[in-house]
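Novice: To start, I am sharing the structure in question, which I have written as C-alpha cells.
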Amino acid sequence: MKVPAPTVSIIIPFYNEEENVESVLQETRAANPDAEIVAVNDGSQDATESLIRKFPDVRLISFETNLGQSAALYAGLNAARGELCVLMDGDGQSHPGDIPALVRLAAHHDVVCGYRVDRKDSWRVRAASRIANKIRRAVTGDGIRDAGCTLKVMRRAHVRYLIPFNQMQCYMVAMLRRAKLRIKEAPVRHRARRFGRSNYTIGGRALHGIRDLFGIHWLLARQIAWPQEINLCRQQSRKDVTTWEI
C-alpha cells in the first residue's frame, strides 16, 4: 500500500547539538504530529547523529563533514516530500508551536517568514542584527525585517528559484521575491539558547556579510525570473528532448 505524501515537511539542521537535539525533535513532533520531520546532521563531531537515530519517525540526512547551515537546509528542501516546507533551527531557540499558525498563513501566500519578537539575544547581537537587516533590505529589496530568523514556510515547488551558496538562508527571500511570489511576515517567539554555544560571531558575520552583499546584488541583477507557469521538468516521450510548457 502506497503511503500518502505528507502535506508539511519540517527541515531542521543540526551541528554539534547533542544537548538540544532530543528536546527539539520531541517538541517539534508534539506540536506537529502529522508533519514529516527531516533532520540534517551537518557533519557533527558529537553524538548528534546517534541521538537523531533514536527517533524512527524522523528522516535523517547526514553529512560526513560540516558543510554549513545553507547546505543542510538546501539538502533538506530537496529531500522533503511535503507540499509545504518549514525551515527552523536546531538550537532550541525556535518555538515549534509557532509552525501550525505559519502553515495556515501559507494557504494564502507562497512564502511565510517569521520575525522574532522579544528576542533573547544579547544587546550586541540585537544591535548588529538591526544594522544588518537595514543594509540587506536596502541592497536586495526583499522587504522583510528579520532575515536571520530561520523559521519560514515555503512551497516545495519553489525550491527551484533558490541558488545554493553559503549564507543562502539570509538572502533566500530576495530570490523568492524575484520570482514574484506572495510573501507574508508573521511574529514568532524566540527563546534563549539553553545548551551549547552558537557557531557564529558578530565579527565573522560582518566580514562575510559585506562580501555576500556584493555577490547577491550581482546575482539578483542577473537572475533569470522564471515565470511560475513554466514546468521545467516536463519531458516529452523522446529522452533527448525537454519542453517547457507555458
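Numbers 21 to 266, taken from this note's numbering, label the letters of the sequence shown in order.
Yeah, the Cβ is synthetic: ideal placement off N, Cα and C, and Gly gets one too.
What is the rounded straight-line gap between the Cα of Arg165 and the Cα of Met195?
Specialist: When rounded, the distance between both Cα atoms is 16 Å.
Novice: Does DSSP put Val78 in a helix, in a strand, or in coil?
Specialist: strand
Novice: For Asp62, write down the residues that DSSP places opposite it in a beta bridge.
Specialist: Phe83
Novice: CA-CA distance, Lys172 and Gly63?
Specialist: 23 Å
Novice: Taking just the CA atoms, how far does Ala67 sit from Met174?
Specialist: 30 Å
Novice: Excluding sequence positions up to five away, which residues of its chain have a Cβ less than 7 Å from the Cβ of Val41?
Specialist: Phe34, Thr68, Leu71, Ile72, Gly110
Novice: For His128, count neighbouring C-beta atoms within 10 Å of its own C-beta (all shown protein chains included) and say buried if the count is 16 or more, exposed if not.
Specialist: Flag for His128 reads exposed.
Novice: What number of angstroms, rounded off, separates the C-alpha of Ser82 from the C-alpha of Leu201?
Specialist: 31 Å
Novice: When the Cβ atoms of the segment 42-57 are set against those of the segment 99-116, are three or more pairs found closer than 8 Å?
Specialist: yes
Novice: Alpha carbon to alpha carbon, how far is Lys74 from Tyr191?
Specialist: 34 Å
Novice: Any chance the segment 48-62 sits against the segment 114-125, with 3 or more Cβ pairs inside 8 Å?
Specialist: yes
Novice: In whole angstroms, give me the CA-to-CA distance for Gly96 and Val58.
Specialist: 6 Å
Novice: Please work out which residues of its chain come closer than 6 Å, Cβ to Cβ, to Met188, disregarding the five sequence neighbours upstream and downstream, and give them in chain order.
Specialist: Within its own chain, the residues whose Cβ lies closer than 6 Å to the Cβ of Met188, once the five positions on either side in sequence are excluded, are Ser90, listed in chain order.
Novice: Comparing alpha-carbon positions, which option in Leu125, Val159, Leu239 lies nearest Pro207?
Specialist: Leu125
Novice: Kindly say whether Glu56, judged by its beta-carbon, lies nearer than 8 Å to any beta-carbon of chain E.
Specialist: Among the chains of the structure shown, chain E does not appear; only one protein chain is present.
Novice: Can you tell me whether Asn40 is helix, strand or coil according to DSSP?
Specialist: coil
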